[in-house]
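Step one of this worksheet: look at the structure below.
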Amino acid sequence: MATETNVLNQDVQSTDDWSGGKEPFKASYGKLMMWYFLLSDAFTFAGFLIAYGALRFSMPTWPVPDFVFSTFPGGLHNMPLIFVTVMTFILILSSVTMVRAVQEGHRENKNGVVFWMFLTILGGATFLGCQAWEWNTLIAEEHVSILKNPFGTHIENGVYLAGDGHDIKEGDTFVAGDPYLIHKKDDEWQNLPYRNEAGEIKQQEFGPKAFGALFFFITGFHGFHVFSGVLFLLIIMINAASGLYAKRKNGYEMVEKIGLYWHFVDLVWVFVFLVFYLL
Amino acid sequence: MGLSYEEGKKVVFKGMWLLAAVTVLEVLIALLGHGHIIDGFTLPKIIIYPAMIGLSFYKAYFIIYEFMHLRYEVKGLTLSILLPTLLLVWGIIAFLQEGNSWGDRREQIDQKNAREVMQVTPPESSQSSDVKVIEE
Numbered sequence: 001m002a003t004e005t006n007v008l009n010q011d012v013q014s015t016d017d018w019s020g021g022k023e024p025f026k027a028s029y030g031k032l033m034m035w036y037f038l039l040s041d042a043f044t045f046a047g048f049l050i051a052y053g054a055l056r057f058s059m060p061t062w063p064v065p066d067f068v069f070s071t072f073p074g075g076l077h078n079m080p081l082i083f084v085t086v087m088t089f090i091l092i093l094s095s096v097t098m099v100r101a102v103q104e105g106h107r108e109n110k111n112g113v114v115f116w117m118f119l120t121i122l123g124g125a126t127f128l129g130c131q132a133w134e135w136n137t138l139i140a141e142e143h144v145s146i147l148k149n150p151f152g153t154h155i156e157n158g159v160y161l162a163g164d165g166h167d168i169k170e171g172d173t174f175v176a177g178d179p180y181l182i183h184k185k186d187d188e189w190q191n192l193p194y195r196n197e198a199g200e201i202k203q204q205e206f207g208p209k210a211f212g213a214l215f216f217f218i219t220g221f222h223g224f225h226v227f228s229g230v231l232f233l234l235i236i237m238i239n240a241a242s243g244l245y246a247k248r249k250n251g252y253e254m255v256e257k258i259g260l261y262w263h264f265v266d267l268v269w270v271f272v273f274l275v276f277y278l279l
Numbered sequence: 001m002g003l004s005y006e007e008g009k010k011v012v013f014k015g016m017w018l019l020a021a022v023t024v025l026e027v028l029i030a031l032l033g034h035g036h037i038i039d040g041f042t043l044p045k046i047i048i049y050p051a052m053i054g055l056s057f058y059k060a061y062f063i064i065y066e067f068m069h070l071r072y073e074v075k076g077l078t079l080s081i082l083l084p085t086l087l088l089v090w091g092i093i094a095f096l097q098e099g100n101s102w103g104d105r106r107e108q109i110d111q112k113n114a115r116e117v118m119q120v121t122p123p124e125s126s127q128s129s130d131v132k133v134i135e136e
């Protein structure tokens with residue numbers, strides 16, 4: 001009798017696994033699919049960043065990040081990587097407040113969820129504002145576009161034969177590897193003439209134009225993720241405040257799902273920050 | 001969910017300081033390595049690049065395992081998300097190698113391009129004969 005029930009139980013279990021109603025991964029369908037969406041999104045971003053790497057490796061020179069990203073709001077210059085460090089810190093903070101929102105959700109604490117989500121949205125919006133400022137500086141002041149990249153790097157030593165009215169004066173010397181920015185004056189590019197060590201007179205050349213396209217596409221794609229994340233956070237915060245998720249009694253699972261997405265955006269930024277600004 | 005509410009809160013604030021500190025460290029390495037902090041002092045790329053890449057992967061690990069809670073999920077779920085990313089290892093090796101090769105052959109490619117342009121431009125006589133063929 002005992003063995004018979006055992007056999008029966010086994011039969012029932014083996015079909016049970018496929019008959020629905022169970023969660024083998026102990027995660028709901030929605031949460032699981034959010035994970036797999038993020039996995040596929042990770043491949044998209046990886047494709048972009050690998051393309052950046054391949055193109056960068058194929059160029060004889062590449063713009064120097066400490067030089068390209070050295071401006072700071074308020075007209076400050078020569079502050080390499082400081083602004084982007086602030087941006088990174090803002091995104092980390094918003095990730096932290098997101099975790100807090102998810103934790104309050106597990107305790108079914110509506111006010112906590114709404115409060116921490118609100119801070120997360122503020123962080124996301126601030127990050128977008130910073131990015132807008134950075135893009136504006138690059139496009140409007142430094143005239144980088146997807147077609148032209150005025151950020152170059154010297155491949156030989158030499159001496160300038162003219163100044164540009166900014167940082168470079170006539171007679172300044174430079175060595176191979178020094179970065180420069182070609183300025184625009186009255187809508188004309190001011191490629192400065194210089195004399196190299198062999199006595200030849202040459203002009204500053206534009207940097208690899210792939211730089212602009214890669215920068216705007218990749219940070220733009222990431223920024224669009226942040227932007228849509230902020231919209232979703234807003235919708236879910238309003239839903240949470242209205243009591244919709246409290247009725248579901250599932251520990252504010254929707255907040256957990258958007259939380260996964262939000263952390264992923266932060267995760268991608270870790271790698272964008274690495275390849276564009278650090279390396 | 002693995003952690004109690006109080007423990008979870010602790011992990012969050014620990015994570016905040018950790019991620020901030022690692023980011024600042026990365027930037028310091030970049031600036032020190034490129035000679036922005038001490039005049040005339042730089043570090044070779046072979047030291048700073050692996051350091052920055054390693055620290056970034058540590059940040060990624062922390063975000064995925066703690067913030068995204070992957071550490072506390074079922075093993076099958078964790079593996080089904082992490083294992084596919086191994087494909088990227090080959091992607092990175094292959095494409096960086098490819099890019100490097102384009103770089104090495106840049107001059108050769110330029111020469112070949114120049115040569116092809118000369119061949120493509122046909123002499124006058126053959127061009128007119130081509131036109132005739134089309135007209136017929």
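Chains S and P, in that order, give the protein sequences.
Residue 4 in our numbering sits at position 4 of the first sequence; the count goes up by one each step and never skips.
Residue 55 in our numbering sits at position 55 of the second sequence; the count goes up by one each step and never skips.
Cβ coordinates follow ideal geometry from the N, Cα and C atoms, glycine included.
Within 10 angstroms of the beta-carbon of residue 106/P lie fewer than 16 other beta-carbons, which makes it exposed. Here residue 204/S is buried, its C-beta having at least 16 other C-beta atoms within 10 Å.
Residue-level contact check: residue 26/S touches chain P, since one or more beta carbons of chain P fall below 8 angstroms from its beta carbon. When the alpha-carbon of residue 251/S is set against those of 20/S, 28/S, 19/S and 22/S, the nearest one is in 28/S. Proximity of residue 65/P to chain S, defined by a Cβ-Cβ separation below 8 angstroms, is not satisfied. For residue 224/S, the uninterrupted alpha helix (DSSP H) run begins and ends at 210-241, by DSSP.
Scanning 66/S, 49/S and 101/S for the CA closest to the CA of residue 89/P turns up 49/S. Within 8 angstroms of the CB of residue 74/P, the CB atoms of chain S belong to 24, 25, 26 and 27, in sequence order along the chain. If you look at residue 111/S, you'll find it in the alpha helix (DSSP H) that goes 110-136.
Under the three-state reduction of DSSP output, residue 72/P falls in the helix class. Looking at the backbone, the Cα of residue 120/S and that of residue 80/P are separated by about 29 angstroms. Contact with chain S is absent for residue 41/P, since none of that chain's Cβ atoms lies less than 8 angstroms from the residue's Cβ. Contact annotation: the segment 41-60 of chain S touches the segment 217-230 of chain S, with at least three C-beta pairs closer than 8 angstroms. Less than 8 angstroms separates the beta-carbon of residue 146/S from that of residue 213/S. Non-local beta-carbon contacts of residue 111/P in its own chain, meaning distances under 8 angstroms to residues more than five positions away in sequence, are absent. Not a single C-beta of chain S is nearer than 8 angstroms to the C-beta of residue 89/P. Under the 8 angstroms criterion on CB atoms, residue 8/P is classed as interfacial with respect to chain S.
Distances from the alpha-carbon of residue 198/S to those of 156/S, 234/S, 255/S and 209/S put 156/S closest. Neighbourhood of residue 59/P in chain S, by CB distance below 7 angstroms: 270, in chain order.
By the neighbour-count definition (other C-beta atoms within 10 Å, threshold 16), residue 149/S is a buried residue. Linking residue 13/P to residue 95/S through their CA atoms gives a straight-line distance of about 11 angstroms. Residue 99/S holds the alpha-carbon nearest to the alpha-carbon of residue 6/P among 21/S, 83/S, 99/S and 68/S. Within the segment 98-117 of chain S, the residues whose Cβ lies closer than 7 angstroms to some Cβ of chain P are 99, 100, 103, 106 and 107, listed in chain order. Chain-ordered, the chain P residues with CB closer than 7 angstroms to the CB of residue 50/S read 91, 92 and 95. Separation of the CB atoms of residue 22/P and residue 85/S is rounded to 12 angstroms, and the pair is thereby denied contact status at 8 angstroms.
Proximity of chain P to residue 60/S at the Cβ level (cut-off 8 angstroms) is accounted for by 103 and 106, in chain order. Cβ-Cβ distances below 6 angstroms link residue 112/S to 104 in the same chain, with the five nearest sequence neighbours on each side left out; the list follows chain order. Here residue 172/S is near residue 160/S, since their CB atoms are less than 8 angstroms apart. Residue 83/P counts as exposed, since fewer than 16 other beta carbons sit within 10 angstroms of its beta carbon.
Collapsing the DSSP output to three states places residue 146/S in coil.
For residue 195/S, the enclosing beta strand (DSSP E) stretches over residues 193-196. Under the three-state reduction of DSSP output, residue 189/S falls in the strand class. Only residues of its own chain outside the window of five on either side were considered, and among them 127, 130, 131 and 134 have a CB closer than 8 angstroms to the CB of residue 87/S, listed in chain order. Beta-bridge analysis with DSSP links residue 181/S to 151/S.
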